[in-house]
Amino acid sequence: RLFDVLKFAEELRDEMQLISKTNQVITYRHTGSERQINLDQYLIRHCLTNLITNAVKYSGENTVIEFSTEITDQQYLFTVKDNGIGIPEKDHALIFEPFFRAHNTGNISGTGLGLSIVDSYVNLMNGEIHFTSSLNQGTQFTLSFCKTKDETKDTLQTPSINTDFTY
Ligand code: ATP
Ligand code: MG
Numbered sequence: 248r249l250f251d252v253l254k255f256a257e258e259l260r261d262e263m264q265l266i267s268k269t270n271q272v273i274t275y276r277h278t279g280s281e282r283q284i285n286l287d288q289y290l291i292r293h294c295l296t297n298l299i300t301n302a303v304k305y306s307g308e309n310t311v312i313e314f315s316t317e318i319t320d321q322q323y324l325f326t327v328k329d330n331g332i333g334i335p336e337k338d339h340a341l342i343f344e345p346f347f348r349a350h351n352t353g354n355i356s357g358t359g360l361g362l363s364i365v366d367s368y369v370n371l372m373n374g375e376i377h378f379t380s381s382l383n384q385g386t387q388f389t390l391s392f393c394k395t396k397d398e399t400k401d402t403l404q405t406p407s408i409n410t411d412f413t414y
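Start counting the sequence shown at 248; every next residue gets the next number (the UniProt record's numbering).
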């Protein structure tokens, strides 16, 4: 289940760059000294593909989409930020409902299922999804997953030889 976040994310970025619009650039950045992630790689890939596809679809040509990952002591974080059409405030509460599409999508096509699937996958992985969005300015989605106790222990300076003997 462990995978290298840089290899995974750079590959995904390159793949998504192929479906982007003219002069849309997808940047990628990782923060943190650790590189190993312990999550279901296929579920997380599916989520990020959906979020980046939305970023591409709901923003114009000549814009930058920022994809980033971060590993902290406690969490794995994935962020997708665009400078697109944004989500109207009154639609924020409904965005994860199946078939819901915001009122500013115009002639951009879609079924309204992507985010509801992302939401259920994130729940399956015991994570959280959050977003901030401003109309005509852009949107940022963040997925966060708490490391399990075992994973956080890995990062502590525990001696490899146990010198604590009890009789
Ligand atoms: P599809 O099922 O093909 O993904 P969709 O993109 O319309 O269709 P969702 O991905 O579920 O459906 O997104 C739901 C709605 O949320 C979209 O219709 C759009 O109104 C809004 N939305 C999602 N992501 C963004 C974004 N990055 N910028 C602006 N609006 C967004
Ligand atoms: Mg979508």
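Every residue gets a Cβ at the ideal spot worked out from N, C-alpha and C, and that includes glycine.
Local Cβ density within 10 Å of GLN271, reported as buried at 16 or more and exposed below that = Numbered from 1 along the sequence shown, position 24 holds the residue referred to as residue 271. Flag for GLN271 reads buried.
Can you tell me the Cα-Cα spacing of GLY357 and LYS400, whole angstroms?
-> The residue you call residue 357 lines up with position 110 of the sequence shown. The residue you call residue 400 lines up with position 153 of the sequence shown. The straight-line gap from Cα to Cα measures roughly 43 Å.
Apart from the five residues just before and just after VAL327, which ones in its own chain have a Cβ nearer than 6 Å to its Cβ?
-> Residue numbering aside, residue 327 sits at position 80 when the sequence shown is read from its first letter. Within the same chain, VAL327 has close Cβ partners LEU298, ILE299, ALA302, PHE314 and PHE388.
In its own chain, which residues sit with a C-beta less than 6 Å from the C-beta of MET263, not counting the 5 before and 5 after it?
-> As a working note, residue 263 is residue 16 in the sequence shown. Excluding residues within five positions, the ones whose Cβ falls inside 6 Å are ILE273 and ILE299.
Does the ligand MG have even one heavy atom less than 6 Å from the beta-carbon of GLY385?
-> For the purposes of this step, residue 385 is taken as residue 138 along the sequence shown, with counting starting at 1. Every heavy atom of the ligand MG is 6 Å or more from the Cβ of GLY385, so no.
Given ASN383 as reference, the closest of ALA349, GLN288, PRO345 and ASP366 once Cα atoms are compared | Here residue 383 corresponds to residue number 136 of the sequence shown, with the count starting at 1. Closest option to ASN383, Cα to Cα, is ALA349.
Sub-7 Å separation of ASP329 and SER363 beta-carbons = Taking the first residue of the sequence shown as position 1, residue 329 is located at position 82. Taking the first residue of the sequence shown as position 1, residue 363 is located at position 116. No; because the gap between Cβ atoms is not below 7 Å, this pair is not in contact.
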